[in-house]
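Residues in the sequence shown are numbered from 13 upward in steps of one, following the working numbering.
Each remark here refers to the structure printed beneath this line.
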Amino acid sequence: MTHRDTGSGTATAELGHLSQGRTRASVSGVFWSFVQVGFGTVLAAVVFAIVSRVLSPEDFGAVSMATAIVLIASAIAPIAFGEALIQREEIDSRHLDSAFWFTTVFCLAFYAVLAFGAPLIGRLVGAGSIAVILPVLALRLIFEGLLAVPFALVTRRMQFRYIAFRTIIANGLGAVVCLLLAFQGFALWALVLQQLTTSLANLVVTAIAAQWRPGVALSLSALRDLRYFGLYAMGNRMMNQARIDQFLMGLVLGPAALGLYFFAQKLTEMLRNLTVGMFSPVSNVLFASLQSDVEKRRIAFTKALFAVGAFNLPVFGGLIALAPTAVPTVFGSQWTEAIPAVQALAVMGILGGIGTLQAAVIRNLGESGWWFWFQTGLRLTEFALILAVFPLGLNAVIAASLIRMVLIWPLSVRKTRVMLDLERGAYLTTLAAPAAATVAAIAGVLAFPALVPGLSAKTLLASQLALGLVLYTVVLFAGARPQITEILNIARTRGKSAGPKRVSA
13 MTHRDTGSGT
23 ATAELGHLSQ
33 GRTRASVSGV
43 FWSFVQVGFG
53 TVLAAVVFAI
63 VSRVLSPEDF
73 GAVSMATAIV
83 LIASAIAPIA
93 FGEALIQREE
103 IDSRHLDSAF
113 WFTTVFCLAF
123 YAVLAFGAPL
133 IGRLVGAGSI
143 AVILPVLALR
153 LIFEGLLAVP
163 FALVTRRMQF
173 RYIAFRTIIA
183 NGLGAVVCLL
193 LAFQGFALWA
203 LVLQQLTTSL
213 ANLVVTAIAA
223 QWRPGVALSL
233 SALRDLRYFG
243 LYAMGNRMMN
253 QARIDQFLMG
263 LVLGPAALGL
273 YFFAQKLTEM
283 LRNLTVGMFS
293 PVSNVLFASL
303 QSDVEKRRIA
313 FTKALFAVGA
323 FNLPVFGGLI
333 ALAPTAVPTV
343 FGSQWTEAIP
353 AVQALAVMGI
363 LGGIGTLQAA
373 VIRNLGESGW
383 WFWFQTGLRL
393 TEFALILAVF
403 PLGLNAVIAA
413 SLIRMVLIWP
423 LSVRKTRVML
433 DLERGAYLTT
443 LAAPAAATVA
453 AIAGVLAFPA
463 LVPGLSAKTL
473 LASQLALGLV
483 LYTVVLFAGA
493 RPQITEILNI
503 ARTRGKSAGP
513 KRVSA
């Protein structure tokens, strides 16, 4: 059944935020997000490990540059207006139709520019293969433009199981295509067509789940309603999802260095999806639905902060400790030079994981403008550092970027605490147990080689992983049993007596 409004300007109940059962829906959403990112990350890790063994850093660099160009175009296109549909309390068919056609037309125009301009772009960036790769990879723009409104509807309804199914199917098909091509000797095209297959499958499955078709209720006033949040969301996409850093590094450092950076970034990105990825879609819509309830959003944030820290800190802390053994053992010795970049990006992953939750609070509680300018400051200083430090090499660029993030990141912490009226002590106490458990696990992992010398690289890596997991689990349960018990009780009992209700928009 397709849901459409009975008249222009009339919002239906199906378009409203949940008003009851939000906690239950949020916990369910985290579960389904965990399913989707867990499955996707395992697939991505297998594909990444196989492809990285047959591709050189130069090949990775060429695909990275083409991907960066497509993502920059994607950020400039108004795809982010879909996020405004999630955030806005009241929407109707005018908002949906107007956002759909507005986004689609822009994405088609941008695709034409990239497809016809690919040879010139390839010459400008000094990578001839881009002229062939870009017209194919840029088809992602069209698929993502068509996806924006259906995905917003599914997310707004908090139908996270559909998002999980979509991601599982899309990642599965993408992995199959990638592996088939890689085993046939087309590893470069495997990376390109994997992205394209995943994007197309995302579109098809989400469109079916959304049960919505575009109409012709076009309205400039509806676009104006979405404009404020939509424009800032576009800016956030430009700062966060557009790979301007990859583009600049490719220009100033060359494809080989860009390939090493892309490798490190891809590895940490998979882990970020596995940790923060399951909380991000849930937290955005949860805080959007709690805009008028100060106490509930503060409680929701502290519980989410603990959960994010419990997943995020050990994963990236473990990567910092294990990278010297794990990278050459799993992916091949040609990536040994990427180890410092992996470790630095892992530190950023710790800060960025918590920052994702803070972004959900700041953006969805009326301060999207502040968050945009904060992200703009982060990115502009990063771009300036790349251009200033690149003569010293890739490691110097990444070290400078890490220092910059450590210095600026506390500003978002303070903004979040002020908006939630949350004391500094309460904020730090929430993360104390995951941090202590992570430190204990890292200490054990680093000490293990000296205690048991002479192990092969694979045996050492497996032993360190097992020891770190045991130490982390024991220390975390010792220090945070009440928090863990409370979250498990919420998952089991909250919302059993009353089903979710919606606010009529």
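Here a beta-carbon is modelled for each residue, glycine too, at the ideal position from N, C-alpha and C.
- Annotation for residue 163: 94 and 218 place their beta carbon closer than 7 angstroms to its own, counting only its chain and skipping 5 residues before and after.
- No beta strand (DSSP E) of 3 residues or more sits fully in the region 312-395.
- Annotated as distal: residue 378 and residue 445, with beta-carbon spacing of 7 angstroms or more.
- Residue 372 and residue 262 have their C-alpha atoms spaced approximately 31 angstroms apart.
- Cα atoms of residue 115 and residue 222: separation of roughly 17 angstroms, rounded to the nearest angstrom.
- Residue 485 is not a Cβ neighbour of residue 326, given a cutoff of 7 angstroms.
- Taking the Cα of residue 76 as reference, the smallest distance to any Cα among 235, 121, 271 and 91 is reached at 271.
- With respect to the 7 angstroms criterion, residue 105 and residue 229 are classified as neighbours on the basis of their beta carbons.
- Comparing C-alpha distances from residue 431 to each of 308, 355 and 465 shows the shortest one belongs to 308.
- Residue 436: member of the alpha helix (DSSP H) spanning 436-463, first to last residue.
- The region 74-93 and the region 131-149 touch, with three or more beta-carbon pairs separated by less than 8 angstroms.
- Sequence-distant partners of residue 153 (beyond 5 residues in either direction) whose C-beta falls short of 7 angstroms from its own C-beta, in its chain, are 82, 85, 86, 89, 119, 122 and 123.
- Looking only at 425, 401 and 70, the smallest Cα-Cα distance to residue 414 is reached by 401.
- The Cβ atoms of residue 209 and residue 192 do not sit closer than 7 angstroms to each other.
- Taking the Cα of residue 79 as reference, the smallest distance to any Cα among 183, 260, 255 and 231 is reached at 255.
- The Cβ atoms of residue 97 and residue 91 lie no closer than 7 angstroms to each other.
- With respect to residue 452, residue 487 sits close: the two C-beta atoms are nearer than 7 angstroms.
- When C-alpha distances from residue 438 are compared across 310, 225, 112 and 165, the shortest belongs to 310.
- With contacts defined by Cβ atoms closer than 7 angstroms, residue 63 and residue 199 form a contacting pair.
- Residue 328 holds the alpha-carbon nearest to the alpha-carbon of residue 286 among 264, 328, 249 and 318.
- With respect to the 7 angstroms criterion, residue 269 and residue 406 are classified as neighbours on the basis of their beta carbons.
- Taking the Cβ atoms as the reference, residue 284 lies roughly 6 angstroms from residue 365, within the contact range of under 8 angstroms.
- With respect to the 7 angstroms criterion, residue 480 and residue 464 are not classified as neighbours on the basis of their beta carbons.
- For residue 226 and residue 426, the gap between their C-alpha atoms comes out near 42 angstroms.
- For the pair residue 320 and residue 356, the Cα-to-Cα distance works out to about 20 angstroms.
- The three-state secondary structure of residue 266, taken from DSSP, is coil.
- The region 418-425 and the region 384-404 touch, with three or more beta-carbon pairs separated by less than 8 angstroms.
- Nearest in C-alpha terms to residue 220, of all of 165, 245 and 344, is 165.
- With fewer than 16 other beta carbons inside 10 angstroms of its own, residue 466 counts as exposed.
- Of the residues assessed, residue 135 falls on the exposed side of the cut-off, its CB having fewer than 16 other CB atoms within 10 angstroms.
- Just measuring C-alpha positions, the residue of 129, 224 and 150 sitting nearest residue 169 is 224.
- For residue 312, the number of other beta carbons within 10 angstroms of its own is at least 16, and it is reported as buried.
- With a contact defined as Cβ atoms closer than 8 angstroms, residue 473 and residue 337 qualify at about 5 angstroms.
- Residue 190 sits close to residue 202, with the two beta carbons spaced by under 7 angstroms.
- Comparing alpha carbon positions, the residue from 157, 382 and 323 closest to residue 496 is 323.
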